[in-house]
Amino acid sequence: MNVYKFGGASVKDAHAVKNVIKILGENSGNNKVVVISAMGKTTNDLEAVINSYYAENTDWSNLLNVVFTKHQTIIAELFGTENTDTETAVKHIIDKTADFLTQNSSRNYNFIYDQVVSIGEYISTTIVSYYANKMGLNNTLLDAKQCIFTDNAYTEGKIDWRKTEKELPEAVAPLLKNGFVITQGFVGCTPENFTTTLGREGSDYTAAIFSYALNAERMTVWKDVEGIMNADPKEFPEAQFISELSYHEAIEMTYYGASVIHPKTIKPIQNKNIPLEVRSFVNSAKRGSVISANANSNFLPPIIIKKKEQVLLSFTVKDFSFIAEDHLSILFSKFAEHRLRINMMQNQAISFSVAVDFKREKIDHVIDELAQDFSINRIEKLTLLTIRHYNEGIVNKLTSGKDILLRQISRTNLQVLLREV
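Residues 7 to 427 (this note's numbering) are what the sequence shown spells out, left to right.
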């Protein structure tokens, strides 16, 4: 059993879909599950629909129709005059979404978000599945909601591992008799049968869940880069290719924000000792980077990770007393309550500072609910730079001339929160 994951860039248009089918044809055999993300920037387009609807603007239906029109163009290029069944199936998804928004009475933004944004994955998998069958690659389209189960934490669904591990293999096994399986990334199901999502860019995690539950031999993520690099090549043209990486090194990279793999991906595959390969869909013949238990990570170059759009929040106790365990408990519980992840923290005598992603609504709630007990300072538009396996030369190169607000250093990691000058 092999599990493949193709992200949005790999299916962004008709030419890209044809390339995915070519890769699947070259890696023949029915014993595989293919996880696919929404096409191109569809998730962003659907977020615009949601935001318009939530703001009670009347143009949400026009924005939803734009989503349909973009996919209609792709369908026409792939199927020509034979596009009726595919277009009808996609139109059905769009119409169901419009009906939901028309009839919905909930004002829970995260609930609405998950019911709408998830259709990007349903549309893309429908198109790819239909086209693969047309090209002679027999497959069955599986609704991920039938086998990935979560709690009710909309936008950040927590996996019900006991139920998922039992029902996922039962859902997949009979389908493999008729070809391979195509399913949606990013999507889960609540106990009430509503849709949850697993966090932005969560399709990698979906593939890891399938790999774990099916005891896969290997999981492969197809990207627009040749494999894992020591830095983002779009920002650092001199970035170096890393051929192999241990699970421990990989989870450290993803924890600090490396975008090549979703942070939750590593744990499930490590638990079952499943190798993860990151390969290029642009140059599919070339072997990529492999994450495994046997990898040698002793001689890695400095690994550079930049997280932009960071916010510095500094909390000071109003009565000028020391920041102690009881204060920290209040702060941490409030961040946990609002699911606002802390990327960096620093404790001083009378203040506690954290760097978080710019999530305005969550930050506003945290500040409002802590303002009675703490004086709070907020600085936006910052960058969190993490250098793993740092050396003096790379630190000086990347921080020289920058306004550094926080700095932390350990044996293997250096982090600075800075304002770009």
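Glycine included, each C-beta is placed from N, C-alpha and C at the ideal position.
Checklist entry - Where does the unbroken beta strand (DSSP E) through A330 begin, and where does it stop? => result Unbroken run through A330: none, as it is neither H nor E.
Checklist entry - What residue range is occupied by the uninterrupted beta strand (DSSP E) comprising M351? => result 348-353
Checklist entry - Would I56 pass as a contact of Y119 if the rule is Cβ separation under 7 Å? => result yes
Checklist entry - Of the residues E375, H344, F380, I311, which one's Cα is nearest the Cα of V4? => result No answer is possible for residue 4: it lies beyond the span of the chain, which begins at 7 and ends at 427.
Next on the checklist: Assuming contact is defined by CB atoms lying nearer than 7 Å, are K280 and S339 in contact in what I supplied?
Outcome noted: Looking at the sequence shown, residue 280 is not Lys but Ile. Cβ atoms of I280 and S339: not closer than 7 Å.
Checklist entry - Would you report the Cα separation of T201 and I125, rounded to the nearest angstrom? => result 10 Å
Item to check | Cutoff 6 Å; reference G263; Cβ partners in own chain excluding five residues on either side | outcome: I311, K313
Next on the checklist: Short of 6 Å in beta carbon distance, which residues of its chain neighbour A159, apart from the five on each side in sequence? Order them along the chain.
Outcome noted: none
Next on the checklist: For Q378, count the other beta carbons within 10 Å of its own beta carbon; 16 or more makes it buried, fewer makes it exposed. Which is it?
Outcome noted: exposed
Next on the checklist: Tell me the DSSP secondary structure of A361 in three-state form.
Outcome noted: strand
Checklist entry - Opposite V227 in the DSSP bridges: which residues? => result K11, V284
Item to check | F364 beta carbon less than 7 Å from that of V317 | outcome: yes
Next on the checklist: According to DSSP, is F321 part of a helix, a strand, or is it coil?
Outcome noted: strand
Checklist entry - Tell me, which residues are paired with K312 by DSSP? => result L391
Checklist entry - Which residue comes first and which comes last in the beta strand (DSSP E) that contains F186? => result 186-190
Checklist entry - Whose C-beta lies closer than 7 Å to the C-beta of S209 among residues of the same chain, with five residues either side of it excluded? => result K11, G13, V41, S43, G191, F192
Checklist entry - How would you label K229, buried or exposed, when you count the other beta carbons within 10 angstroms and need 16 or more for buried? => result buried
Checklist entry - Where I329 and F186 are concerned, what is the direct C-alpha to C-alpha distance, given to the nearest angstrom? => result 57 Å
Next on the checklist: Three or more C-beta pairs under 8 Å: does that hold for the stretch 234-241 against the stretch 145-158?
Outcome noted: no
Checklist entry - To which residues of the same chain is Q414 closer than 7 Å at the C-beta, ignoring the five residues directly before and after it? => result M350, Q352, Q421
Next on the checklist: Quick check on the DSSP output: the beta strand (DSSP E) that includes K47 runs from which residue to which?
Outcome noted: K47 -> no beta strand (DSSP E), and no H or E assigned at all.
Checklist entry - Under a Cβ-count criterion, where at least 16 other Cβ atoms within 10 Å of its own Cβ denotes burial, should P197 be classed as buried or exposed? => result exposed
Next on the checklist: With DSSP as the reference, identify every bridge partner of M235, one or two as the case may be.
Outcome noted: F247
Checklist entry - Just how far apart, CA to CA, sit K24 and S135? => result 12 Å
Item to check | Nearest-angstrom Cβ-Cβ length linking H344 and K324, presumed shorter than 8 Å | outcome: Contact doesn't hold; Cβ gap of about 21 Å is too wide.
Checklist entry - Expressed to the nearest angstrom, what Euclidean distance is found between the alpha-carbon atoms of Y59 and L107? => result 8 Å
Checklist entry - Can we say the stretch 294-302 touches the stretch 249-262, given the rule of at least three CB pairs closer than 8 Å? => result yes
Next on the checklist: With a threshold of 7 Å on Cβ separation, who are the neighbours of N110 within its own chain once the five nearest residues in sequence on each side are excluded?
Outcome noted: I118
Checklist entry - Just to confirm, are I27 and S290 a CB contact at a threshold of 7 Å? => result no
Item to check | Outcome for K18 when other beta-carbon atoms lying within 10 angstroms are tallied against a minimum of 16 | outcome: buried
Item to check | Cβ shell of D332 (< 6 Å), same chain only, five flanking positions each side left out | outcome: none
Next on the checklist: Taking only three categories from DSSP, how would you classify F305?
Outcome noted: coil
Next on the checklist: Assuming the contact rule is C-beta atoms closer than 8 Å, G233 and R168 should be a hit. Round their C-beta distance to whole Å, please.
Outcome noted: Not quite, the Cβ-Cβ distance comes to about 34 Å (not below 8 Å), so this is no contact.
Checklist entry - Among residues of its own chain, excluding the 5 on either side of T48, which ones have a beta-carbon nearer than 6 Å to its beta-carbon? => result G126
Item to check | Short Cβ contact (7 Å threshold) for L220 with P175 | outcome: yes
Checklist entry - From G205 to Y115, what does the alpha carbon distance come to, in whole angstroms? => result 15 Å
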